[in-house]
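Trainee: In the order they appear, the protein sequences are chains A and B. The opening residue of the first sequence carries number 1 in the numbering used here; numbering runs sequentially from there. The opening residue of the second sequence carries number 1001 in the numbering used here; numbering runs sequentially from there. Dumping the structure here so I can ask a few things about it.
Protein chains: 2
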Amino acid sequence: MRNVLNTLRVLEEVATRQPIGVGELARALDMPKSSVQRALVTLDEAGWIRPAAGELRRWVVTTKALAVGARASGELGLRDAAVPVMEGLRQRTEETIHLVVPEQDRVVLIERLETSNPLRISMALGHALPLHASANGKAVLANGGPELLDRLLADELPRYTEHTIVDPDRLRAELALVRERGYALNHGEWRTDVGSVAAAVLEAPGRPVASLSVNIPMSRLTRENEAVFGVAVCRAAGEIGARLGYGGAARDAG
Amino acid sequence: MRNVLNTLRVLEEVATRQPIGVGELARALDMPKSSVQRALVTLDEAGWIRPAAGELRRWVVTTKALAVGARASGELGLRDAAVPVMEGLRQRTEETIHLVVPEQDRVVLIERLETSNPLRISMALGHALPLHASANGKAVLANGGPELLDRLLADELPRYTEHTIVDPDRLRAELALVRERGYALNHGEWRTDVGSVAAAVLEAPGRPVASLSVNIPMSRLTRENEAVFGVAVCRAAGEIGARLGYGGAARDAG
DNA sequence: AGGACCGTGCCGTGAGGTGGTACGCTGTGC
DNA sequence: GCACAGCGTACCACCTCACGGCACGGTCCT
């Protein structure tokens, strides 16, 4: 179904570059203009895109994708269980809280509560983060089976900043440390000025279904509040696990 | 492009009924099983769905749709402008705050900050609400051009509860009241136990681009806090308008 | 053992997707 | 004022490939 794949590519490209017209899309996707045109008409007909406000010849995505995407990873009412706990965590920390789920070799942001502090980390829902260079990713890696880690280490680890851990041995050591203390840290390993403290949400020992993090500008992250956040985020992750009905399994080492 | 339309229908159906298998989908969509099967394989290939955790033969949507949908109505950085203001509003009211955008003859929820109160309104992102039976919808209607209202009144207004306004004249009177005081109310007109106080975000006089509401169980909505919320939500909506660069136009009657 | 239902694979037919091409329009620079 | 580049749209002959009926093997009740 080549046309479906092409049309979905067009949809994604519209989402990233909106508002955008036929010609620019065709160039960006390296597709014939007429094919892109047909895809756009079809997507419009299906209600996934619409002409941009004012102009009739450039396109933007509608909220249809949002309605579909909001169901992602809501398989077990994860979001409903998590949000109240996250809210408590946000109030206690006064910092931005992220909820991610593992997907393929990444973790994806599915819920977010923001700090009221003017200096904040802002990331779009649906954004994917690398496993080895984010606190949530490391929390998932440390609690998951070894096969995920092995798969990740099969290729060279991409470097994002000077602090990114790219050495397999150092990563293994870091993950052991995460298992020991119960929470994972990120000190500017993905973006130099972003730090995080994360703990995995387990549905059973060795089976992380999500991860929870406190995200904070590096300028506000000290050794003291790091430990405070670590304890708080561990307790919150455990509570979410308990709400999901996996009470006994929610706490492991640490 | 029939196959694209069919495949998108399959995707939406997977989202609403996940986890779900081929046969049940085919029945629900009244499509041949083989066509549904092909659509599922294609969607999997494109990364929009994946087999459910554990079982290999039922499908769930991935976060791809979330990544696409999160861009919806982010045309002008609306969300970035709105979230900090919403957060302030949430702290002041201690109630759930919704941000919606108009889309066709509905308003769609695109951002949400929840109260920490155990009794809360919970609605999925991407959910659509009727214009005539929600505070946000009425705020948009009251501030928009008359053609939208006329289009809405061309058909009979659906009734959701005993409080829903279905009489065109009563709706016009209600909208005049909204324009006069600056904010819109909803007293169980959509769900009997849900009340809201909303104000439209204007990009120019007569051009609502979004709307902001305080949502609250009817049991907590009194005449006093209603007025307090009204003033707060008006101020917040005006501030968002100002952040969008339409400072002068942000306030209208009120 | 039987049957209902599941997901999957196969295949002949012909609908309809493909993509090169051409057209009308608008905005721009000379 | 004119030529031109770039836009979005439309047309159409070719022939790919989506369609959907059907059959198969597996699994779970009865």
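We put the CB at the ideal spot given by N, CA and C, even for glycine.
1) Taking C-beta pairs closer than 8 Å, name the residues in chain A that residue 1214 (chain B) reaches, listed in chain order.
2) For residue 165 (chain A), name the three-state secondary structure that DSSP assigns.
3) Among all the DSSP beta bridges, which residues are the ones paired with residue 1098 (chain B)?
4) Which runs of the beta strand (DSSP E) fall wholly inside the region 52-99 of chain A and span at least 3 residues, in chain order?
5) Compare the beta carbon distance of residue 1004 (chain B) and residue 42 (chain A) with 9 Å and say whether it is the shorter of the two.
6) Find out if the Cβ-Cβ distance for the pair residue 1073 (chain B), residue 60 (chain A) is shorter than 9 Å.
7) Just reading off the beta strand (DSSP E) that residue 1186 (chain B) is part of, what are its end residues?
8) Report the three-state DSSP secondary structure of residue 2 (chain A) (helix, strand or coil).
9) Do you know whose CA, among A:118, A:116, A:134, lies nearest residue 188 (chain A)'s CA?
10) Please report the straight-line C-alpha distance between residue 46 (chain A) and residue 1012 (chain B), rounded to a whole angstrom.
11) According to DSSP, is residue 173 (chain A) part of a helix, a strand, or is it coil?
12) Determine the direct distance from the alpha carbon of residue 1009 (chain B) to that of residue 68 (chain A), and round the result to whole angstroms.
13) Between residue 1025 (chain B) and chain A, is there a C-beta pair that is closer than 9 Å?
14) Give the interface partners of residue 1048 (chain B) over in chain A, defined as CB-CB distance under 8 Å, in chain order.
15) Buried or exposed for residue 93 (chain A), please, with buried defined as at least 16 other CB atoms from any protein chain shown within 10 angstroms of its CB.
16) Does the beta carbon of residue 1015 (chain B) sit closer than 9 Å to a beta carbon anywhere in chain A?
17) Taking C-alpha atoms, which residue in B:1170, B:1082, B:1088, B:1194 lies nearest to residue 1222 (chain B)?
18) Residue 109 (chain A) and residue 131 (chain A): beta carbons closer than 9 Å?
19) Could you spell out the range, first to last residue, of the beta strand (DSSP E) harbouring residue 1128 (chain B)?
20) Using a Cβ-Cβ cutoff of less than 8 Å, which residues in the same chain neighbour residue 1049 (chain B) once the five nearest sequence positions on both sides are dropped?
21) Is there contact between the region 1158-1177 of chain B and the region 1113-1126 of chain B, where contact requires at least three CB pairs shorter than 8 Å?
22) My output table needs one value for residue 202 (chain A): the three-state DSSP class, helix, strand or coil.
23) Do the region 146-153 of chain A and the region 1143-1153 of chain B make contact, defined as three or more Cβ pairs closer than 8 Å?
24) Mind listing the chain A neighbours of residue 1110 (chain B)? Cutoff is C-beta to C-beta under 9 Å, in chain order.
25) For the alpha helix (DSSP H) containing residue 192 (chain A), name the first residue and the last one.
26) Decide yes or no for the touch test of the region 1082-1098 of chain B against the region 1228-1238 of chain B: beta carbon pairs closer than 8 Å, at least 3 of them.
27) Give the residues of chain B in contact with residue 44 (chain A), contact being defined as C-beta atoms less than 8 Å apart.
28) Mind checking residue 1056 (chain B): buried by the 16 CB within 10 Å criterion, or exposed?
29) Need the endpoints of the alpha helix (DSSP H) that residue 24 (chain A) sits in, please.
30) Return yes when the Cβ of residue 178 (chain A) is within less than 9 Å of the Cβ of residue 101 (chain A), no when it is not.
31) Take residue 1239 (chain B) and list the residues in its own chain whose beta-carbon comes closer than 7 Å to its own, dropping the five residues that flank it on each side.
32) Identify whether residue 45 (chain A) lies in helix, strand or coil by the three-state DSSP scheme.
33) Could you pull out every residue in the same chain whose Cβ sits closer than 8 Å to the Cβ of residue 1112 (chain B), ignoring the five residues on either side in sequence?
34) Cutting at 6 Å between CB atoms, please list the residues of its own chain near residue 1153 (chain B), excluding the five before and the five after it.
35) Closer than 9 Å, CB to CB, is residue 1095 (chain B) near chain A or not?
36) Does the distance from the C-beta atom of residue 105 (chain A) to that of residue 151 (chain A) stay below 9 Å?
Mentor: If we stick to the structure as given:
1) In the second sequence, counting from the first residue as 1, residue 1214 (chain B) sits at position 214. Per Cβ cutoff of 8 Å: no residues; residue 1214 (chain B) is ~16 Å from chain A at best.
2) By 1-based counting over the first sequence, the position of residue 165 (chain A) is 165. Residue 165 (chain A): coil per DSSP, three-state reduction.
3) Numbered from 1 along the second sequence, position 98 holds the residue referred to as residue 1098 (chain B). Answer is B:1112, B:1213.
4) 59-61
5) Stepping through the second sequence from its first residue, residue 1004 (chain B) is reached at position 4. Stepping through the first sequence from its first residue, residue 42 (chain A) is reached at position 42. Yes, the pair counts as a contact, with Cβ atoms nearer than the cut-off.
6) Start at 1 with the first residue of the second sequence, and residue 1073 (chain B) comes out as number 73. Start at 1 with the first residue of the first sequence, and residue 60 (chain A) comes out as number 60. Yes, Cβ-Cβ distance for residue 1073 (chain B) and residue 60 (chain A) is below 9 Å.
7) As a position in the second sequence, residue 1186 (chain B) is number 186, starting the count at 1. Residues 1184-1187.
8) Position 2 of the first sequence, counted from the start, is the residue given in the question as residue 2 (chain A). Correct three-state label for residue 2 (chain A): helix.
9) As a position in the first sequence, residue 188 (chain A) is number 188, starting the count at 1. Residue 188 (chain A) has its Cα closest to that of A:134, out of A:118, A:116, A:134.
10) Indexing the first sequence from 1 puts residue 46 (chain A) at position 46. Indexing the second sequence from 1 puts residue 1012 (chain B) at position 12. Residue 46 (chain A) and residue 1012 (chain B): Cα-Cα distance of roughly 11 Å.
11) Residue 173 (chain A) sits at position 173 when you count from the first residue of the first sequence. Correct three-state label for residue 173 (chain A): helix.
12) Position 68 of the first sequence, counting from 1, holds the residue named residue 68 (chain A). Position 9 of the second sequence, counting from 1, holds the residue named residue 1009 (chain B). Going from the Cα of residue 68 (chain A) to the Cα of residue 1009 (chain B) covers about 11 Å.
13) On the second sequence, residue 1025 (chain B) is found 25 positions in, with the first residue counted as 1. No - not a single Cβ of chain A is within 9 Å of the one on residue 1025 (chain B).
14) For the purposes of this step, residue 1048 (chain B) is taken as residue 48 along the second sequence, with counting starting at 1. Under the 8 Å cutoff, chain A gives 8.
15) Reading the first sequence from its first residue, position 93 is the one you call residue 93 (chain A). It is buried - the Cβ of residue 93 (chain A) has at least 16 other Cβ atoms within 10 Å.
16) In the second sequence, counting from the first residue as 1, residue 1015 (chain B) sits at position 15. Yes, because at least one Cβ of chain A sits closer than 9 Å to the Cβ of residue 1015 (chain B).
17) Stepping through the second sequence from its first residue, residue 1222 (chain B) is reached at position 222. If we check each option's Cα against that of residue 1222 (chain B), B:1194 comes out closest.
18) Along the first sequence, read from residue 1 onward, the residue named residue 109 (chain A) stands at position 109. Along the first sequence, read from residue 1 onward, the residue named residue 131 (chain A) stands at position 131. No.
19) The residue given as residue 1128 (chain B) occupies position 128 in the second sequence. Counting along the chain, the beta strand (DSSP E) containing residue 1128 (chain B) begins and ends at 1128-1130.
20) Residue 1049 (chain B) sits at position 49 when you count from the first residue of the second sequence. Only 1011, 1014, 1040, 1043, 1059, 1060, 1061, 1062 meet the Cβ criterion.
21) no
22) For the purposes of this step, residue 202 (chain A) is identified with residue 202 of the first sequence, where counting begins at 1. Residue state, collapsed to three classes: strand.
23) no
24) The residue labelled residue 1110 (chain B) in the question sits at position 110 within the second sequence. Correct list: 63, 66.
25) Here residue 192 (chain A) is taken as the residue at index 192 of the first sequence, counted from 1. That residue, residue 192 (chain A), is in no alpha helix (DSSP H); it is neither H nor E in DSSP.
26) yes
27) Mapped onto the first sequence, residue 44 (chain A) falls at position 44. Going along chain B, no residue has its Cβ under 8 Å from residue 44 (chain A), so there is no contact; the nearest lies around 11 Å.
28) Along the second sequence, read from residue 1 onward, the residue named residue 1056 (chain B) stands at position 56. Per the 10 Å Cβ criterion, exposed.
29) In the first sequence, residue 24 (chain A) corresponds to position 24, counting from 1. Its alpha helix (DSSP H) spans residues 22-29.
30) In the first sequence, counting from the first residue as 1, residue 101 (chain A) sits at position 101. In the first sequence, counting from the first residue as 1, residue 178 (chain A) sits at position 178. No.
31) Mapped onto the second sequence, residue 1239 (chain B) falls at position 239. Once the five neighbours on either side are set aside, the close Cβ partners of residue 1239 (chain B) are 1085.
32) For the purposes of this step, residue 45 (chain A) is taken as residue 45 along the first sequence, with counting starting at 1. Residue 45 (chain A) falls in the helix class under three-state DSSP.
33) Position 112 of the second sequence, counting from 1, holds the residue named residue 1112 (chain B). Contacts found: 1096, 1097, 1098, 1099, 1123, 1125.
34) Counting from 1 along the second sequence, the entry for residue 1153 (chain B) is found at position 153. Closer than 6 Å at Cβ, skipping near neighbours: 1168.
35) Sequence index remark: in the second sequence, residue 1095 (chain B) carries index 95 (1-based). So, not an interface residue.
36) For this step, residue 105 (chain A) is matched to residue 105 along the first sequence. For this step, residue 151 (chain A) is matched to residue 151 along the first sequence. Going by C-beta atoms, residue 105 (chain A) is nearer than 9 Å to residue 151 (chain A).
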